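If you read the protein sequences in the order shown, they are chains A and B. Take -2 as the starting number for the first sequence in this note's numbering and just add one per residue. Take -2 as the starting number for the second sequence in this note's numbering and just add one per residue. One structure is given below, encoded as structure tokens.
Protein chains: 2
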Amino acid sequence: MSSQEQIHNLIQNYRQAVMAKNVDDVMALYADDVVSFDAVKALQFKGKAAYRAHWEECMKMCPGPHIFEFHELTIETSQEIAFAHWLAHCGGTNEKGETQACWMRVSACYRQVGGQWLIAHEHWSAPFDMTSGATLFDLKP
Amino acid sequence: MSSQEQIHNLIQNYRQAVMAKNVDDVMALYADDVVSFDAVKALQFKGKAAYRAHWEECMKMCPGPHIFEFHELTIETSQEIAFAHWLAHCGGTNEKGETQACWMRVSACYRQVGGQWLIAHEHWSAPFDMTSGATLFDLKP
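Here it is as structure tokens:
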């Protein structure tokens, strides 16, 4: 399997594990020294323990069923490292039964360790309006 | 010079060119097919022409003198591609002469083309508050 295919599979596994709300499966994909810039709450999460606590909190807060689709995926690889970026359509159903969704941007950087690709860095975000400081949840690709 | 040193120099040149508001020097660092997830305004900017127009608009809107410091820089490289992430302390002086600054997160992915490293992807953002949707400009590392 090429590095491209391996990273593609990793991203599909990541997506499935998040949708299944399986924190163990999600965390198995990260390097121990992962540095994550998540979309919410803090500037950064350093290391697996800190990021696991954040993932657990996010999964508790997220309503279901989950919309979690990845679009415009680009992957570039070498033997040792790789990177990818995509747009994620994320959402769920609120207490009134209404579907709420928005588009987010994702960048991910990977490192191969002992034949296994791991996420060394990831960055999730939504852009903001420069004048109001409000997050732009209504942008579409 | 090692790939690590080359990427480190590229990031220093990028920082200097942005502080000097030299759009030509900034744009010389990007690959033609750059995909950028900037902190403001749009989900993504695809290709150099679109991103140049955005940089020009941002530089017009930004007050001076500029605070633009890079901290906690991490770089990983291979022969063909590289990635880096850091925290940027960004700001300036408003019309009242008050200094305004915030911390942003930056991820950048690089590709070596004909012996020259170029930025293939970059991602700037600030996190938001999940309840209010407001961008969190007061977070500190």
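Don't be surprised by glycine CBs; every beta carbon is placed ideally from N, CA and C. Just so it is clear, the structure is predicted and the values come from calculations on it, not from any experiment.
State the DSSP-derived secondary structure class of C43 of chain A, mapped to helix, strand or coil.
For the purposes of this step, residue 43 of chain A is identified with residue 46 of the first sequence, where counting begins at 1. Here residue 43 of chain A turns out to be Lys, not Cys, going by the sequence shown. Note: K43 of chain A maps to strand in three-state DSSP.
Establish whether the CB of T90 of chain B and some CB of chain A are separated by less than 8 Å.
Position 93 of the second sequence, counted from the first residue, corresponds to residue 90 of chain B. Judged by the 8 Å Cβ criterion, T90 of chain B is not in contact with chain A.
If you draw a straight line from the C-alpha of H51 of chain B to the C-alpha of L70 of chain A, how long is it?
For the purposes of this step, residue 51 of chain B is identified with residue 54 of the second sequence, where counting begins at 1. For the purposes of this step, residue 70 of chain A is identified with residue 73 of the first sequence, where counting begins at 1. Using only the alpha carbons, I get a separation of about 23 Å.
Helix, strand or coil for D30 of chain A per DSSP?
As a first step, residue 30 of chain A must be located in the first sequence, where it is residue number 33. If DSSP states are grouped into helix, strand and coil, D30 of chain A belongs with the strands.
Starting from K38 of chain A, find everything on chain B with Cβ-Cβ shorter than 8 Å and list it in chain order.
Against the first sequence, residue 38 of chain A aligns to sequence position 41. Chain B residues near K38 of chain A: P124, D126, M127, L133.
For P62 of chain B versus W100 of chain B, is the C-beta spacing smaller than 8 Å?
Counted from its first residue, the second sequence places residue 62 of chain B at position 65. Counted from its first residue, the second sequence places residue 100 of chain B at position 103. No, they are not a contact pair.
Against V32 of chain A, what residues of chain B qualify as contacts under a CB-to-CB distance less than 9 Å, listed in chain order?
Locating residue 32 of chain A in the first sequence gives position 35, where the first residue counts as 1. Under the 9 Å cutoff, chain B gives E69, T71, H82.
For a quick check, are the C-beta atoms of I4 of chain A and T90 of chain A less than 8 Å apart?
Looking up residue 4 of chain A in the first sequence gives position 7. Looking up residue 90 of chain A in the first sequence gives position 93. No, the pair does not count as a contact, with Cβ atoms beyond the cut-off.
What's the C-alpha gap between V20 of chain A and K45 of chain A?
Position 23 of the first sequence, counting from 1, holds the residue named residue 20 of chain A. Position 48 of the first sequence, counting from 1, holds the residue named residue 45 of chain A. Going by the C-alpha atoms only, they are around 11 Å apart.
When you compare each of A:W121, A:Q113, A:H120 to A25 of chain A by their alpha carbons, which one comes out closest?
Along the first sequence, read from residue 1 onward, the residue named residue 25 of chain A stands at position 28. Ranking A:W121, A:Q113, A:H120 by Cα distance to A25 of chain A puts A:Q113 first.
Would you report the Cα separation of A117 of chain B and L7 of chain B, rounded to the nearest angstrom?
Against the second sequence, residue 117 of chain B aligns to sequence position 120. Against the second sequence, residue 7 of chain B aligns to sequence position 10. Near 13 Å, if we compare the C-alpha coordinates of L7 of chain B and A117 of chain B.
Just checking my contact of A85 of chain A with E66 of chain A at CB under 8 Å: how many whole Å lie between their CB atoms?
Counting from 1 along the first sequence, the entry for residue 85 of chain A is found at position 88. Counting from 1 along the first sequence, the entry for residue 66 of chain A is found at position 69. Confirmed, about 7 Å.
Run the CB neighbour count on T132 of chain A, radius 10 Å, all protein chains shown included, and call it buried at 16 or more, exposed below.
Here residue 132 of chain A refers to the residue found at position 135 of the first sequence. Burial call: buried.
Measuring alpha carbon to alpha carbon, tell me which of A:H120, A:D135, A:V23, A:C59 ends up nearest M127 of chain B.
For the purposes of this step, residue 127 of chain B is identified with residue 130 of the second sequence, where counting begins at 1. It is A:C59 whose Cα lies nearest to the Cα of M127 of chain B.
In the stretch 67 to 104 of chain A, which residue ranges form an unbroken alpha helix (DSSP H) of at least 4 residues, counting only runs that do not cross its ends?
none
Tell me whether the beta-carbon of R102 of chain A lies closer than 8 Å to the beta-carbon of Q41 of chain B.
Your numbering for residue 102 of chain A matches position 105 in the first sequence. Your numbering for residue 41 of chain B matches position 44 in the second sequence. Closer than 8 Å, so yes.
Step through the CB atoms of chain B and report whether any lies within less than 8 Å of the CB of L7 of chain A.
Taking the first sequence and counting its residues from 1, one reaches residue 7 of chain A at position 10. For L7 of chain A, the answer is no, since every Cβ of chain B falls outside 8 Å of its Cβ.
Euclidean distance between Cα positions of F134 of chain A and W121 of chain A
One-based indexing of the first sequence puts residue 134 of chain A at position 137. One-based indexing of the first sequence puts residue 121 of chain A at position 124. Looking at the two C-alpha atoms, the distance is approximately 13 Å.
Can you tell me which of B:C87, B:Q1, B:A28, B:I78 puts its alpha carbon nearest to the alpha carbon of C106 of chain A?
Within the first sequence, residue 106 of chain A is the residue found at index 109, counting from 1. When each option's Cα is compared against that of C106 of chain A, the closest is B:I78.
Hey, how far is the Cα of L136 of chain A from the Cα of M(-2) of chain B?
For this step, residue 136 of chain A is matched to residue 139 along the first sequence. For this step, residue -2 of chain B is matched to residue 1 along the second sequence. Roughly 42 Å separates the two Cα atoms.
Limits of the alpha helix (DSSP H) - the one that L7 of chain B falls within
Here residue 7 of chain B corresponds to residue number 10 of the second sequence, with the count starting at 1. Its alpha helix (DSSP H) spans residues 0 to 16.
What does F125 of chain A pair with, by DSSP beta-bridge criteria?
For the purposes of this step, residue 125 of chain A is taken as the residue at position 128 of the first sequence. Looking at the DSSP assignment, F125 of chain A forms a beta bridge with A:T132, B:V37.
Give the interface partners of P140 of chain B over in chain A, defined as CB-CB distance under 9 Å, in chain order.
Absent from the structure is residue 140 of chain B, since the part of chain B shown begins at -2 and ends at 138.
Using the Cβ count rule (16 or more neighbours within 10 Å means buried), how would you classify G94 of chain B?
Within the second sequence, the letter at position 97 stands for residue 94 of chain B. When all chains shown are included, G94 of chain B counts as exposed.
Look up C59 of chain A in the DSSP assignment and say whether it is helix, strand or coil.
Sequence index remark: in the first sequence, residue 59 of chain A carries index 62 (1-based). The answer is coil: DSSP assigns C59 of chain A none of H, G, I, E or B.
Can you determine whether any heavy atom of the ligand SAM sits closer than 7 Å to the C-beta of S122 of chain B, and answer yes or no?
Inclusion of the ligand SAM in the displayed structure is not the case, the ligand content being empty and no account of it being possible.
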